[in-house]
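Residue numbers (my numbering), protein chains in the order written: chain A, 1412 to 1752; chain B, 1412 to 1752; chain C, 1412 to 1752; chain D, 1412 to 1752.
Glycine is no exception: its CB is placed at the ideal position from the N, C-alpha and C atoms.
There are 4 protein chains.
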Amino acid sequence: MVSFESDYICGAHPKLLQALIDTNMDAQSGYGFDCYTASAAKKIAEACELPEAQVTFLSGGTQTNLIAIDALLRSYEGVVAAETGHVNVHESGAIEHTGHKVLTLPSHDGKMRAEDLKAMLEKYYADETLEHMVRPGMVYLTWPTEQGTLYSKAELTAIADLCHQYKMPLFLDGARLGYGLVSPQADLTLPEIARLTDVFYIGGTKVGALCGEALVFTKNNQPEHFLSFIKQRGALYAKGRLCGVQFDALFTDGLYYEISRHAIRLAERLKQIFRDKGYAFHPETYTNQIFPVLPAAMIPALREKVRFELWEKLDEERTVVRFVTSWSTTDADLDYLESVL
Amino acid sequence: MVSFESDYICGAHPKLLQALIDTNMDAQSGYGFDCYTASAAKKIAEACELPEAQVTFLSGGTQTNLIAIDALLRSYEGVVAAETGHVNVHESGAIEHTGHKVLTLPSHDGKMRAEDLKAMLEKYYADETLEHMVRPGMVYLTWPTEQGTLYSKAELTAIADLCHQYKMPLFLDGARLGYGLVSPQADLTLPEIARLTDVFYIGGTKVGALCGEALVFTKNNQPEHFLSFIKQRGALYAKGRLCGVQFDALFTDGLYYEISRHAIRLAERLKQIFRDKGYAFHPETYTNQIFPVLPAAMIPALREKVRFELWEKLDEERTVVRFVTSWSTTDADLDYLESVL
Amino acid sequence: MVSFESDYICGAHPKLLQALIDTNMDAQSGYGFDCYTASAAKKIAEACELPEAQVTFLSGGTQTNLIAIDALLRSYEGVVAAETGHVNVHESGAIEHTGHKVLTLPSHDGKMRAEDLKAMLEKYYADETLEHMVRPGMVYLTWPTEQGTLYSKAELTAIADLCHQYKMPLFLDGARLGYGLVSPQADLTLPEIARLTDVFYIGGTKVGALCGEALVFTKNNQPEHFLSFIKQRGALYAKGRLCGVQFDALFTDGLYYEISRHAIRLAERLKQIFRDKGYAFHPETYTNQIFPVLPAAMIPALREKVRFELWEKLDEERTVVRFVTSWSTTDADLDYLESVL
Amino acid sequence: MVSFESDYICGAHPKLLQALIDTNMDAQSGYGFDCYTASAAKKIAEACELPEAQVTFLSGGTQTNLIAIDALLRSYEGVVAAETGHVNVHESGAIEHTGHKVLTLPSHDGKMRAEDLKAMLEKYYADETLEHMVRPGMVYLTWPTEQGTLYSKAELTAIADLCHQYKMPLFLDGARLGYGLVSPQADLTLPEIARLTDVFYIGGTKVGALCGEALVFTKNNQPEHFLSFIKQRGALYAKGRLCGVQFDALFTDGLYYEISRHAIRLAERLKQIFRDKGYAFHPETYTNQIFPVLPAAMIPALREKVRFELWEKLDEERTVVRFVTSWSTTDADLDYLESVL
């Protein structure tokens, strides 16, 4: 069935699969000590315009989030996130399992506001009992957010400035980073994101890879013995090449951007299809996830023809749904959707 | 360079790669809710002759060990292992990171002895202060062991009987299970292992897959909400199909055994090559890892020609080394080794 | 200086001190296996009218909360609390350190509402991605609350009914339980609380003891090997008698109630003093903590004469402060306060 | 019954009880911000001849061990201990519960040897796979040991030198420190111990207090926000004065030494009683724990008259038992024992 269920419905972008085939019989050392991993890390550092960036490849988003956060916080510190943040909602308590509280700020279409962060920090530092409270130790945000929205350069800079002032690392979850970078709405580049954050990750799983996220420490701030840290959490691939080969391909000849642009072009066309049929968005987004508002009554029949996710019930009559595009989405899929709408 | 460094030096067995190619564009749900994962689980349950076996796919060995152990122990319980057990030595403290002590027994060529286990349990239960001690909560063993040896059916049965008597689950780490099952020395079958253990895993990473281990709960004893448990530890693949497709191929037409037999045939030939040159083994093994004793003086020159691991210094003159075979090892590799020895 | 800073400003109620003196030279076994601990546990079970209640003595509130919660939750479960709950705000992240999320509900003068709890549970169970979310595993509430308020019998029963329906244990933090039980506003007795909850604790530290809280499992539901569980968390006293002797005295001849009534009488008189001077309360409470609203300008001079805590800034001109009474507060203290106001 | 069961069979030394009575009604702030805690900390720093020593009071030994160890190790590091070390045997897995492995060395009458430690460290640093192994991060030893023995100044210095060389903190568990300091066999003073270690604790519970251990960071190396760290583990007393008052008394006019000397005098007399009756020791010790070897056949009858612990079965006929003295032991207790032997 034609599916807009997520950006991880198919295998790998054909060029990544080809790279796996081409390198398959080359004997290499394990645990990331292979030439492909080294090459991928170097290409990513160059793309970030940060020669000293330290790049590690992990298998998925939750794993990357919990490792980055646990590596940077002291035990009694928490991570500040929008209340809709992935770490707060959809990771089965993975962050708390590492011992850390997620300190939440109100979400505005998936984004926290610098002024809310500032107010939280000022309140905390003014409290006479602060040693009995969880110390805000770092800030986590997603870009694009879980709701498909984007922080602008001004918004991200304001948050980064606060982090700097309060000596808190800023961590950006880029599970769908590519879709943000090529969004018609974006005013941030990869090197800018690398400079504004202390650590961030470049999503592979949702941007064409079978698996894999590239975690980047941008300020020569990767903790010592990080390989042991990862191994201890069961997150070290014996065949580290699996991520290395794929990311090497993603960062060769701009494939990461090419994949992202394809998905964005189709997402924009998808929006046009819904708009032409008279449907609104909640909110309107400019990345690869779009959120049309549909009459509740039409959804069951539509779901028999195409796959998509229910997102939120607005009221008895209207439901927000989610449609997602990726490298594997085709114009034919959209033609079909148009025909059944 | 010709490499006998490990059984994870190359990518995937070509048939697994082909399966990934063939299924690549088939849109499926994520998180293991795809048809390939379902099919692989069913084939494994059948191969175990246990229709009610519950099968979950995880990315690597340490991850699988820590999840299985943490899922089955109460917080104040520990896992009993041979002191050479992987969980005790080579996982950067992953088990302790889950909060559990590894209680060790002496290793006899990598194996614990049932009589030592019995003595430990009797001593523990006779101690007046036992509530202040770590309670032996389960038993962990590897098959084949880290030293390439195998528990016999009698040995495994004796341990399983003790586990049963003391109500402790028996967990078998089968990272290299295939090599044990087809070993000339083995007297255990997959269904027998499934029946004797409470939980075990079938290694994929070291037996031809890019990644993946199949964790099998054999007694309808998989903990409730196990998906949340896995997700919380960052171990749930978004593209669960990655493991599903590979294990489906491994358990189609006996490929898992075919791969293992290839490696064992070459390991036996490798032993013959060393034996013919007059080298002994320490110990002699019958799986895909062999441990020749070489004069220390010859090792540096040999390492310039082929890759292998140093294992243990016997004395100033003699060093035990490790040579490993796998699906990617060829007779040509062995011809070359023979020529340079 | 005369102090209304908290209910733990002095040592122990003289009768507890006398009991420690009287029993001091009696040789007893350690770790709670002494006759005083046994006697205290028995008296508490009787006071609860639950002969099968299982009573354990721990040193303080945070320790008791983290042990009770960690003992009852599975790793991926969280504890539901009002957002003002002590476990959510003032325990330096102790609950998260055990690996569990605190799931918050809005606070209404320190209390959660059954309807909000119901809505949270219904939303969770209706979510298609619930396995990726933290499972509500138990409910935590304080009685009296951190804000000095009390759940009525109807309110507590409504919450207990929901807990029962959703199979979630209900845990009541009674750090100041005595002050609730004798409050003019209370309509709940100790046996009723014991019956409505699955586990609760009777606070000693804030009700006359040097240290100690009595944790009560009410439904024969204390986890197995609970002594090991406690020992593993560093919470087992070698001289368990320290708590045993004090609680034995507290539950002899109604001393626990007598101490509480004394504090409540003085708190009511304190309210009258403030009311007579024209000050309002925010909110008005009927336990041993009262919250007058004072002009910000008068606070510095007042604090030079008596000790009390700043609670919350209402606006630029008005600040809520907290005055607390206990067994050690005297009418003379109040006379003095009246004279300086 | 006359009891030699442990050094925590009675309440508090009368002078400590008197100090609690004397200070009972003095209103003080909570959480260790009282004048008695400040005074006790100052006296201990002076007794250590280390004005910058940072002193914190905790309730018991296991709690102190787990907090000190968890505060100083990174997650993938372990603590090195003799295999008989309290943290390895009798804390229900408290150290592993904080996530850290206890790396064991052979015990020689309860002590590790510097040469064994050196060999362990050299082996670890020579291993090519060390990043997959638990990193030795600190050293733990007890003084006196669990078996009543003492490291000499030369032995402790050799271990401290290795720790220094390998940049590992040295932690000394002084649950029974006083008994070591006044032992006829000791050649170490409190200031020497303070200088040789990075962190150690002065036991109160077993040396006359109701509860309490004084944790001393000796090199201005107490972790930041240590109060939050302690609070998060449920180890912060609301009435911090409970420990403060007792330790203030213990370190006034040499009471800590006086208590210890009393116990040692009686222990030496106890040894003489057993020696006179022809019993040997296993091993002979010079602290407040003595270990006579008794005929197994005589033990049941003796246990009906005096309390003591069974320690170890030497063979079918002989059992090592433990007799312990403390401030509460009297010459009359020994006269009685002598009469029944």
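Rounded Cβ spacing between residue i and residue j (contact assumed at less than 8 angstroms)
i         : j         : result
Leu1541/A : Leu1528/A : Rounded, the Cβ-Cβ distance is 17 angstroms, inconsistent with contact.
Gly1521/A : Thr1556/A : 3 angstroms
Leu1567/D : Leu1599/D : 7 angstroms
Arg1652/D : Gly1443/C : Actually they do not touch by this definition, with Cβ atoms about 24 angstroms apart.
Val1732/C : Pro1706/C : Going by Cβ atoms, the distance from Val1732/C to Pro1706/C rounds to 11 angstroms, so no, they are not a contact pair.
Asp1481/D : Thr1509/D : 4 angstroms
Ala1571/D : Gly1645/C : That pair is no contact at about 26 angstroms.
Leu1469/C : Glu1624/C : 5 angstroms
Classification of residue i by the beta-carbon crowding that lies within 10 angstroms, buried from 16 upward
i         : result
Tyr1419/D : buried
Lys1512/D : buried
Pro1711/C : exposed
Met1544/B : buried
Asp1609/C : buried
Ser1739/D : buried
Pro1580/C : buried
Glu1728/B : exposed
Asn1631/B : exposed
Ala1708/D : exposed
Tyr1536/D : exposed
Ala1565/C : exposed
Neighbour list for residue i in chain D, Cβ cutoff strictly below 8 angstroms
i         : result
Ile1753/C : Residue 1753/C is absent from the model: chain C starts at 1412 and stops at 1752.
Gln1657/A : Those within 8 angstroms of Gln1657/A in chain D number zero; the least Cβ separation is about 24 angstroms.
Thr1434/C : Gly1422
Same chain only: Cβ atoms within 6 angstroms of residue i, ignoring 5 sequence neighbours per side
i         : result
Arg1718/A : Met1412, Ser1414 and Glu1416
Lys1682/B : Ile1701
His1519/B : none
Lys1688/D : Leu1752
Ala1678/C : Asn1699, Ile1701 and Thr1736
Cys1622/C : Ser1470 and Thr1616
Closer than 9 angstroms at the beta carbon, the chain D residues around residue i
i         : result
Lys1453/C : Those within 9 angstroms of Lys1453/C in chain D number zero; the least Cβ separation is about 21 angstroms.
Arg1546/A : His1636 and Ser1639
Leu1721/B : Glu1539
Neighbourhood of residue i by C-beta distance below 8 angstroms, restricted to the same chain and skipping five residues each side
i         : result
Asp1445/A : Gln1439, Gly1651, Arg1652 and Gly1655
Ala1620/A : Ala1423, His1424, Leu1427, Cys1654, Gln1657, Phe1658 and Leu1661
Leu1532/D : Pro1547, Leu1573 and Tyr1577
Ser1594/A : Pro1555, Leu1561, Ile1675, Tyr1697 and Thr1698
Proximal residues of chain D, C-beta to C-beta of residue i below 7 angstroms
i         : result
Leu1638/A : Glu1542
Own chain partners of residue i with C-beta closer than 7 angstroms, once the 5 adjacent residues on each side are dropped
i         : result
Tyr1667/B : Gly1589, Val1618 and Leu1661
Tyr1747/C : Val1413
Glu1749/B : Ile1684
Proximal residues of chain C, C-beta to C-beta of residue i below 7 angstroms
i         : result
Glu1416/D : Ser1440
Lys1682/B : Under the 7 angstroms cutoff, chain C gives no residues; its nearest Cβ is about 45 angstroms from Lys1682/B.
Neighbour list for residue i in chain A, Cβ cutoff strictly below 9 angstroms
i         : result
Lys1642/D : Tyr1487, Glu1542 and His1543
Gly1521/C : Per Cβ cutoff of 9 angstroms: no residues; Gly1521/C is ~16 angstroms from chain A at best.
Per-residue contacts from residue i into chain A (C-beta, under 8 angstroms)
i         : result
Glu1460/B : Residues of chain A passing the Cβ test: none, with the nearest at roughly 29 angstroms.
Listed by chain order, chain B residues near residue i by CB distance under 8 angstroms
i         : result
Ala1505/A : Lys1642, Gln1643, Arg1644 and Gly1645
Would you call the stretch 1490 to 1497 of chain A and the stretch 1634 to 1653 of chain B touching, i.e. three or more CB-CB distances under 8 angstroms?
no
Measuring CB atoms only, is the stretch 1452 to 1467 of chain C touching the stretch 1660 to 1668 of chain C, in the sense that at least three cross pairs come out at less than 8 angstroms?
yes
Cβ contact check for the stretch 1528 to 1538 of chain B and the stretch 1582 to 1596 of chain B: 3 or more pairs under 8 angstroms:
no
Looking at C-beta atoms only, is the number of pairs between the stretch 1671 to 1682 of chain A and the stretch 1459 to 1476 of chain A that lie closer than 8 angstroms three or more?
no
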